[in-house]
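Visitor:
Number of protein chains: 4
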Amino acid sequence: MPMPDLEALAGRYLHVRAQTQRLAEPLSAEDACVQSMPDASPAKWHLAHTTWFFETFVLAVHETAYEAFDPDFRMLFNSYYQQLGQRHPRERRGMLTRPALQQVQAYRDAVDERMLALLETMARSKRKGPEACELISTLVQLGLQHEQQHQELLLTDVKHLLSCHPLWPAYAPPEDRAGAAHQALSGPGWLPLARGQHEIGHAGPDFAFDNEMPRHAVLLQGAEIADRPVSNAEFLEFVRSGGYEQPQWWLAEGWDWCLAQQLAHPWYWRQAAQGGEDGWQEFSLRGAVPLDAAGPVAHLSYYEADAYARWVGARLPTEAEWEVAMAPHWAQERADEQEVGDGLLHPWAMGDGGLQLGQVWEWTQSSYAAYPGFRAAAGAVGEYNGKFMVNQYVLRGGSCLTPAGHARASYRNFFPTTARWQMTGLRLARDVG
Amino acid sequence: MPMPDLEALAGRYLHVRAQTQRLAEPLSAEDACVQSMPDASPAKWHLAHTTWFFETFVLAVHETAYEAFDPDFRMLFNSYYQQLGQRHPRERRGMLTRPALQQVQAYRDAVDERMLALLETMARSKRKGPEACELISTLVQLGLQHEQQHQELLLTDVKHLLSCHPLWPAYAPPEDRAGAAHQALSGPGWLPLARGQHEIGHAGPDFAFDNEMPRHAVLLQGAEIADRPVSNAEFLEFVRSGGYEQPQWWLAEGWDWCLAQQLAHPWYWRQAAQGGEDGWQEFSLRGAVPLDAAGPVAHLSYYEADAYARWVGARLPTEAEWEVAMAPHWAQERADEQEVGDGLLHPWAMGDGGLQLGQVWEWTQSSYAAYPGFRAAAGAVGEYNGKFMVNQYVLRGGSCLTPAGHARASYRNFFPTTARWQMTGLRLARDVG
Amino acid sequence: MPMPDLEALAGRYLHVRAQTQRLAEPLSAEDACVQSMPDASPAKWHLAHTTWFFETFVLAVHETAYEAFDPDFRMLFNSYYQQLGQRHPRERRGMLTRPALQQVQAYRDAVDERMLALLETMARSKRKGPEACELISTLVQLGLQHEQQHQELLLTDVKHLLSCHPLWPAYAPPEDRAGAAHQALSGPGWLPLARGQHEIGHAGPDFAFDNEMPRHAVLLQGAEIADRPVSNAEFLEFVRSGGYEQPQWWLAEGWDWCLAQQLAHPWYWRQAAQGGEDGWQEFSLRGAVPLDAAGPVAHLSYYEADAYARWVGARLPTEAEWEVAMAPHWAQERADEQEVGDGLLHPWAMGDGGLQLGQVWEWTQSSYAAYPGFRAAAGAVGEYNGKFMVNQYVLRGGSCLTPAGHARASYRNFFPTTARWQMTGLRLARDVG
Amino acid sequence: MPMPDLEALAGRYLHVRAQTQRLAEPLSAEDACVQSMPDASPAKWHLAHTTWFFETFVLAVHETAYEAFDPDFRMLFNSYYQQLGQRHPRERRGMLTRPALQQVQAYRDAVDERMLALLETMARSKRKGPEACELISTLVQLGLQHEQQHQELLLTDVKHLLSCHPLWPAYAPPEDRAGAAHQALSGPGWLPLARGQHEIGHAGPDFAFDNEMPRHAVLLQGAEIADRPVSNAEFLEFVRSGGYEQPQWWLAEGWDWCLAQQLAHPWYWRQAAQGGEDGWQEFSLRGAVPLDAAGPVAHLSYYEADAYARWVGARLPTEAEWEVAMAPHWAQERADEQEVGDGLLHPWAMGDGGLQLGQVWEWTQSSYAAYPGFRAAAGAVGEYNGKFMVNQYVLRGGSCLTPAGHARASYRNFFPTTARWQMTGLRLARDVG
């Protein structure tokens, strides 16, 4: 077993942790504390919980006689690990006005210091063998991937919070690029999906979550998949044609929900005197922007994505179809990813022609389930993914809010069918022959 | 195209319709009218809706100048066909004290008369070709299969209703067989599931629902599946060992639900001074009976079935695994099926050894989804199955309340994860190698 | 102490019990079993519970070795008497498909037989003194008054049930009187209410409920009260002028409720192609009838009654004002009361001029509270009235569904502010000087 | 008409506004922003809304060409004045992370400056007559009384928020006085309430709310009232004797609520390993303190107060009884009131003997209703009190959190029967003779 490169890991640790700080910077203590709905967590909680992860799974286990920064934090910032004892209920995270944001920053600093010291010690130590280093390296990598997931959640949760304010205030200053009104696109191109046996899932030495494994064979029946996600202009046609009033496009459960919620358009859309198409605006992290005809439609529930696909005579792809089609193009398409903090914080306009991905998570028709032979890790870490494998659907591809380098072609995101506050869109597929 | 045998079909029509009547016979007008929860329909509604199906999809379309038995029934007894206009809301079916049960019986008689006349006319007519006969034959077959589904629902809905009465009254008189306390079984045998490509789904001339088609290839990874469902005695071990208080066995969503509902044992179980194991009793259509150690456990939600499987170190099978394993044995095992009305109305004791199936519907880990290439029928009939393909899980095998001849090895039943009032149990599977 | 006239009481017993039967006669077993909302009880339950009252408070106590008709009925038909042990929850009374309506009739017959035998025995017996007779006489009178209250509830509950049917079926055949469209009335006359000390409450030998006592002095400040209730035509003006969209007329709590329920007119009103004023119809026990301009408006919540009064520049009277004003006229106005069963089952048209009362219960602004010195009876009977004295408002005057001879000028009916399914209207009052 | 003393008023303005600031001082931006339940408002909202009151009702009306500090605040900080246009929904006040606390402080400063300038201008101006000064003086006084009401609400709302934190953090540092465990008291003394006519309500030149007027005559029947509120030790007896499990003491609605909420003791009580009586602790603004036997019981709902009174064989007083008994003693008992900010922030121990009042608001059995002849003011200010006169009960006496000089003997506080987060206790009354 080769010794993992703990120095490189320490560098990566510093980078990811700093990136989180940067995303939290525009937030006041108040912005960082309030919980706008049970599914969304306060930014302060994200800052503390990601730190708790390193403290709980690395420091508390691998430091000798580790003394907790604050023993109460073990309970306050445990998300859902039943095996780690009591936890503060998810829907009441917004009640935690204490510790203050500043104290959480101190918590982050203290844990960072200890983590870097631990990595350095281990790198230099002769006593600890490669097994121990490997174990810690694995946990630190998991912790960093975990923190990156929370970076995206922090942004989508803040977006939701600000959208609950009647004035739609902004997280970041406006940008010219966001305000541009682009031309509508011509129809997508279609990539063939060959009938027969393919392989999906992660294999190889790089990091992947347990739910992406084992790599295994799947059978495809032959189909086509679009080379880009559905655009705002295309989805607006569905809205205009009465798609939200016609049950025939909807799954029965989706239709009941659509009626109960009185849905009439995607989450974060509103029709104002001034806007893009017919005055349509969209709420973004930079405030209200005109709806961009060429941007991928976002913030759809599974039901809306599925209804749109039926209306247009297509369907959602399965996750296997998605991965088989996109995996060959992944590396190239995502080569020039920029860090979220440098970006538009909003899906940008697509061009005509050519493969496009990575702006919005794309709903697939696949229910989130274990791959054949999946086995959760032992201990509390094993609760990471496996226990959520029911009544959720898989999304693929990453979004404009996903940290650079975080997603993969085999990456499986998942949400319930009603989730709309995430950066969720769709790509069409259709049967052939 | 050969002429379908409309006379045989008329005979089958008479048989199925009479069987429904027989199941409704023990019910008073009051028993038949009350709705005990939004998911359960009154028996009277089942009697009327199954008749409405023939009137709407056959008579109204294929009789010249058909005059409705009562024009209001089109709205009152439409279940969920959006394309057929207004319908009375599902959760308010119990408000329909009018028409009275007797009027619904008259409705059944009138439609039966017209249906038989139509079948006879068509059989004798020279004018109408085999296409028209084929079309009607298909719709009548669908209507009869539909009615059989409602026969089982009628019984499970009545069971639920009676269980809401504080005295647990019976639908049918007690039977000695139901009261017997059998010996616990030794562990199940395990059938091998060969790694590789198999075929599932329906093909061939016999009737099957659209969701069972097309027949298609699947890949299995190699596993084992039990030769019988889990028994009451086995599940009781889970209860006794604290399974309902230990989150580690449960899907996260299931655990939250279990806590919120304060579950402690299967639906319809209660612990009384007198009963089977430790005084455990079970509510049956024949009133309270001692819990039978050798009977298959029933009335489980998906969450409970899944938690039990994890606790015992196994898992739920996929529907493909189930079908591949059971299809070869189906015909033999179900050869001597008796009509529900002649039976115990309760799952009976399993013996030790040998394949056992057909007493309880068995949860699989497969989310209910379209088979590759699935296409719903055109028109309102197309709403039959397809629009329910989300957030439900597939059950296989038929139950002691399923009409004789109705189920198949390829038959896909489906319910949401929280459904407990159906006759739902589980069969274990496990990975090998 | 004079011997009470037990023979007259037996006669009254027969009359009241027969009247209940008469009201239940048009109901099928289904109509009598279904519960349309938690506040409304099935007719069968009313039939059984009123019988339970005599069995529990008279027979079970005063018959030696009384054997219950069915021991389970003690629990099934106990309404809210905590001191009598377990009871079936109010909101689940509709689950009691057993006993069947016919069995409840048998229960009524059996208890009637025993009650009459007991009264006869006591009347003839020399042994039992006037105290025992007086006690039984008091309880029987209470039981009969109780049964009369349930007669009105039975009708309002059936009305609610039938209104939940999409076809608005009728309880009784249509009547010409109900369909008449009368001329709108000129404004009401106003009766003076003299400033100073008055007496209200019941005194004297006749029956009254405990909540009407003790008779006591009250101070009035001087005001006027209308000589008739508000009419449909008058209330329609409020509807037309946008009263349901203007918060300024409403109590804050009422406005929130009005918005949440999306109220736009009184319960049981609907606007159809054909009807009375502008096509307005009202649901009645005889089916849909045109809204009668001269009829008193009915089925108002307290909030609507109060909002109307503010809109018109008046206010609701206090219950003391109401009683002081109406008591002198009561005997004459109600002299020719007819039995409910002989009547229109709907408030009839008022004439112009002259005191009018007794068609609808009239909301007062008085919260239901104990009179000074009120003391509840000992034992379970003491739960009859006292424990409901919070968050309810007093209604006065009786309605067209109140049994003849049941109401009094001192009679205090009471309901929560949101109740609309009762026969509730209003009479205006206004300050002077 | 004499000229009101506007200089004295300016001084009072400064004092009250500074007192609010002082109460908000211990709060972080996070503590001041979060809303812990729909009935409780964030402290920041209280700070802004009280300022909004002066801006809206004084500056915007009486300054020529007043320019709003921020035009959006008119909507954001309107509480419930329908006549002033749109308002942010009460239950979503916690979503207002913007404006930040600091901006709200700037808002307060700016409005204070303008208010003082206005008062000074008017005091010096020759042009404006005494009528204009009187009008402004009245509105400023109302605004200050309003702000004082919000001072108490700010503290009770903060207390509720902190109680939602699992660690029960403190608003203010501990105090020795709060931790003392005093001896239980001997029974209360009883003050006689003479039968006959009395007067209640406010009259005279000093400020009072409209709901305290007009002063009017009432009739009392003769009774006694305790000379002090019920103590913690006394209420603990009720808890220990099973009062929360015995329906006979409870109003029917209260009992249902008690069961549904699973109540077992007063809000903010908990039983810990260490505490006062049997380990009972109470949450206070200074954190957890041992339950003090001699302190008045607080944070009771109306239902609990009423149930306790019945259990002990007494009853709640009417508000007329309360005022008649307490008015003569008010001035003396409240002479040495200290400002809330100087106090214990918790009800302190009562001594044995002698009249005690002012530590907890005391529930009366009187439903909150208009006094005879009550008339709300014209315009939006008229919404202050009148529209809440339904389904609430009157509390009297002031509490340890009421600002010095704010309460009066005629002061009518009011809350729904389920309110427990206010400083609410009870005083017993009983009938005599």
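Protein sequences appear in the order of chains G, A, Z and Y.
By the numbering used here, the letter at position 132 of the first sequence is numbered 112, and the numbering carries on one by one without gaps.
By the numbering used here, the letter at position 178 of the second sequence is numbered 158, and the numbering carries on one by one without gaps.
By the numbering used here, the letter at position 51 of the third sequence is numbered 31, and the numbering carries on one by one without gaps.
By the numbering used here, the letter at position 120 of the fourth sequence is numbered 100, and the numbering carries on one by one without gaps.
Cβ coordinates follow ideal geometry from the N, Cα and C atoms, glycine included.
#1: Quick one: does S8(Y) have its CB under 8 Å from some CB of chain G?
#2: Start and end of the alpha helix (DSSP H) containing V84(G)?
#3: List, from N- to C-terminal side, the alpha helix (DSSP H) runs of 4 residues or more that fit wholly inside the region 297 to 355 of chain Z.
#4: Helix, strand or coil, according to DSSP, for A409(G) in the structure here?
#5: Taking a Cβ distance cut-off of 7 Å, strictly less, list which residues of the region 110 to 138 of chain G are near chain A, in chain order.
#6: Would you report the Cα separation of S166(A) and A329(A), rounded to the nearest angstrom?
#7: Near H309(A), what residues of its chain come up, given a Cβ to Cβ distance below 7 Å and the 5 sequence neighbours on each side ignored?
#8: Any beta carbon from chain Z within less than 8 Å of N424(Y)'s own beta carbon?
#9: Counting along the chain, where does the alpha helix (DSSP H) carrying N393(G) start and finish?
#10: What does K24(A) reach in chain G if we use C-beta pairs closer than 7 Å?
#11: Just curious, the alpha helix (DSSP H) that Q(-1)(A) is in, first and last residue?
#12: Look up S264(Z) in the DSSP assignment and give the residues it is bridged to.
#13: Going along the chain, which unbroken runs of the alpha helix (DSSP H) with 4 or more residues stay wholly within the region 155 to 200 of chain Y?
#14: Indicate whether L141(Z) and S16(Z) have their beta-carbon atoms separated by less than 8 Å.
#15: Just verifying my parser: in three-state terms, what is the DSSP assignment at E132(Y)?
#16: Give the residues of chain Z in contact with H433(A), contact being defined as C-beta atoms less than 7 Å apart.
#17: With three or more C-beta pairs closer than 8 Å as the rule, is the region 356 to 363 of chain Z touching the region 229 to 243 of chain Z?
#18: Are the C-beta of T397(G) and some C-beta of chain A separated by less than 8 Å?
#19: What distance in whole Å lies between the Cβ atoms of L296(Z) and A285(Z), which are believed to be in contact at a cut-off of 8 Å?
#20: Counting Cβ pairs closer than 8 Å, one from the region 388 to 408 of chain Y and one from the region 271 to 280 of chain Y, do we hit at least three?
#21: How about E114(G) and P18(G): do their beta carbons lie closer than 8 Å?
#22: In three-state terms, what does DSSP make of A206(Y)?
#23: Hey, is F33(A)'s beta-carbon within less than 8 Å of any beta-carbon in chain G?
#24: Quick check on R73(A): does DSSP put it in helix, strand or coil?
#25: Taking the straight line between their C-alpha atoms, what separation do you get for G109(G) and A48(G)?
#26: Would you decide whether S(-11)(Z) is buried or exposed? Buried here means 16 or more other CB atoms lie within 10 Å of its CB.
#27: For R376(G) and E299(G), which I take to be in contact (beta-carbon distance under 8 Å), what is that distance rounded to the nearest angstrom?
#28: Less than 8 Å between the C-beta atoms of K139(Y) and L81(Y), yes or no?
#29: Rounded to whole angstroms, what is the Cα-Cα separation between A350(Y) and F395(Y)?
#30: Any beta-carbon of chain G closer than 8 Å to the one on H233(A)?
#31: Based on DSSP bridge pairs, tell me the residues matched to S211(A).
#32: So A285(G) contacts chain A; which residues on that side make the cut at Cβ distance below 9 Å?
#33: Just checking: is the beta-carbon of D411(Y) within a distance shorter than 8 Å of some beta-carbon in chain Z?
#34: Nearest to T0(A) by CA position, among Q131(A), A188(A), A311(A), V374(A), is which residue?
#35: Assuming F57(Y) contacts A28(Y) under a Cβ cut-off of 8 Å, what Cβ separation, rounded to an integer in Å, is found between them?
#36: Whole angstroms is fine: what's the gap from E342(G)'s alpha carbon to A206(G)'s?
Guide: So, from the listed chains and residues:
#1: To locate residue 8(Y), count along the fourth sequence from 1; it is residue 28. So yes, S8(Y) belongs to the interface.
#2: Counting from one through the first sequence, the residue named residue 84(G) turns up at place 104. Here the alpha helix (DSSP H) through V84(G) covers 81 to 104.
#3: Segments of the alpha helix (DSSP H) lying fully in the region 297 to 355 of chain Z: 299 to 313.
#4: Taking the first sequence and counting its residues from 1, one reaches residue 409(G) at position 429. If DSSP states are grouped into helix, strand and coil, A409(G) belongs with the strands.
#5: Against chain A - using a Cβ distance shorter than 7 Å - the region 110 to 138 of chain G contributes no residues.
#6: What you label residue 166(A) is simply residue 186 of the second sequence in a count that begins at 1. What you label residue 329(A) is simply residue 349 of the second sequence in a count that begins at 1. Roughly 13 Å between the two C-alpha positions.
#7: Counting from one through the second sequence, the residue named residue 309(A) turns up at place 329. Excluding residues within five positions, the ones whose Cβ falls inside 7 Å are L335.
#8: Look at the range of chain Y in this structure, -19 to 413, and you will see that residue 424(Y) is not part of it.
#9: Looking up residue 393(G) in the first sequence gives position 413. Per DSSP, N393(G) belongs to no alpha helix (DSSP H); it is in the beta strand (DSSP E), 393 to 395.
#10: One-based indexing of the second sequence puts residue 24(A) at position 44. Neighbourhood of K24(A) in chain G, by CB distance below 7 Å: empty, with the nearest CB roughly 23 Å away.
#11: Residue -1(A) sits at position 19 when you count from the first residue of the second sequence. Unbroken alpha helix (DSSP H) run through Q(-1)(A): -14 to 4.
#12: Taking the third sequence and counting its residues from 1, the one referred to as residue 264(Z) is at position 284. G267(Z).
#13: 156 to 159
#14: Residue mapping note: residue 141(Z) aligns to position 161 of the third sequence, counting from 1. Residue mapping note: residue 16(Z) aligns to position 36 of the third sequence, counting from 1. In contact: L141(Z) and S16(Z) (Cβ atoms closer than 8 Å).
#15: Here residue 132(Y) refers to the residue found at position 152 when the fourth sequence is read from its first residue. The answer is helix: DSSP assigns E132(Y) an H, G or I state.
#16: The requested residue 433(A) does not occur in the structure, where chain A is confined to residues -19 to 413.
#17: Output reads no: the region 356 to 363 of chain Z does not touch the region 229 to 243 of chain Z.
#18: Position 417 of the first sequence, counted from the start, is the residue given in the question as residue 397(G). Taking Cβ atoms only, chain A reaches closer than 8 Å to T397(G), which makes this a yes.
#19: On the third sequence, position 305 is the one that residue 285(Z) refers to. On the third sequence, position 316 is the one that residue 296(Z) refers to. Their Cβ separation, rounded to whole angstroms, is 6 Å, which keeps A285(Z) and L296(Z) in contact under 8 Å.
#20: yes
#21: The count along the first sequence starts at 1 and reaches residue 114(G) at position 134. The count along the first sequence starts at 1 and reaches residue 18(G) at position 38. No, the Cβ-Cβ distance between E114(G) and P18(G) is not below 8 Å.
#22: Here residue 206(Y) corresponds to residue number 226 of the fourth sequence, with the count starting at 1. DSSP places A206(Y) in strand when its eight states are reduced to three.
#23: By 1-based counting over the second sequence, the position of residue 33(A) is 53. Not closer than 8 Å to any Cβ of chain G, the Cβ of F33(A) fails to qualify, so no.
#24: Translated into the one-based positions of the second sequence, residue 73(A) becomes position 93. Looking at R73(A) - three-state DSSP - the assignment turns out to be helix.
#25: Position 129 of the first sequence holds residue 109(G). Position 68 of the first sequence holds residue 48(G). Computed Cα separation, rounded: 26 Å.
#26: By one-based count along the third sequence, residue -11(Z) stands at place 9. A small correction: the amino acid at residue -11(Z) is Leu; Ser does not occupy that position in the sequence shown. It is buried - the Cβ of L(-11)(Z) has at least 16 other Cβ atoms within 10 Å.
#27: For this step, residue 376(G) is matched to residue 396 along the first sequence. For this step, residue 299(G) is matched to residue 319 along the first sequence. Indeed they touch by this definition, with Cβ atoms about 6 Å apart.
#28: Numbered from its first residue, the fourth sequence carries residue 139(Y) at position 159. Numbered from its first residue, the fourth sequence carries residue 81(Y) at position 101. Judged by beta-carbon spacing, L81(Y) lies beyond the 8 Å limit of K139(Y), meaning their Cβ atoms are not closer than that value.
#29: Start at 1 with the first residue of the fourth sequence, and residue 350(Y) comes out as number 370. Start at 1 with the first residue of the fourth sequence, and residue 395(Y) comes out as number 415. Rounded to the nearest angstrom, the two C-alpha atoms are 15 Å apart.
#30: In the second sequence, the residue the question calls residue 233(A) occupies position 253. In the sequence as presented, His is not what sits at residue 233(A); that position holds Glu. Interface residue, yes.
#31: As a position in the second sequence, residue 211(A) is number 231, starting the count at 1. In the DSSP output, where bridge partners are listed per residue, S211(A) has P276(A).
#32: Counted from its first residue, the first sequence places residue 285(G) at position 305. By Cβ distance, chain A contributes nothing, its closest Cβ being about 11 Å from A285(G), past 9 Å.
#33: As a position in the fourth sequence, residue 411(Y) is number 431, starting the count at 1. It does; some Cβ of chain Z falls within 8 Å.
#34: The count along the second sequence starts at 1 and reaches residue 0(A) at position 20. That would be Q131(A), whose Cα lies nearest to the Cα of T0(A).
#35: Numbered from 1 along the fourth sequence, position 77 holds the residue referred to as residue 57(Y). Numbered from 1 along the fourth sequence, position 48 holds the residue referred to as residue 28(Y). About 5 Å; that satisfies the 8 Å criterion.
#36: The residue you call residue 342(G) lines up with position 362 of the first sequence. The residue you call residue 206(G) lines up with position 226 of the first sequence. In this model, E342(G) and A206(G) are separated by some 12 Å (Cα to Cα).
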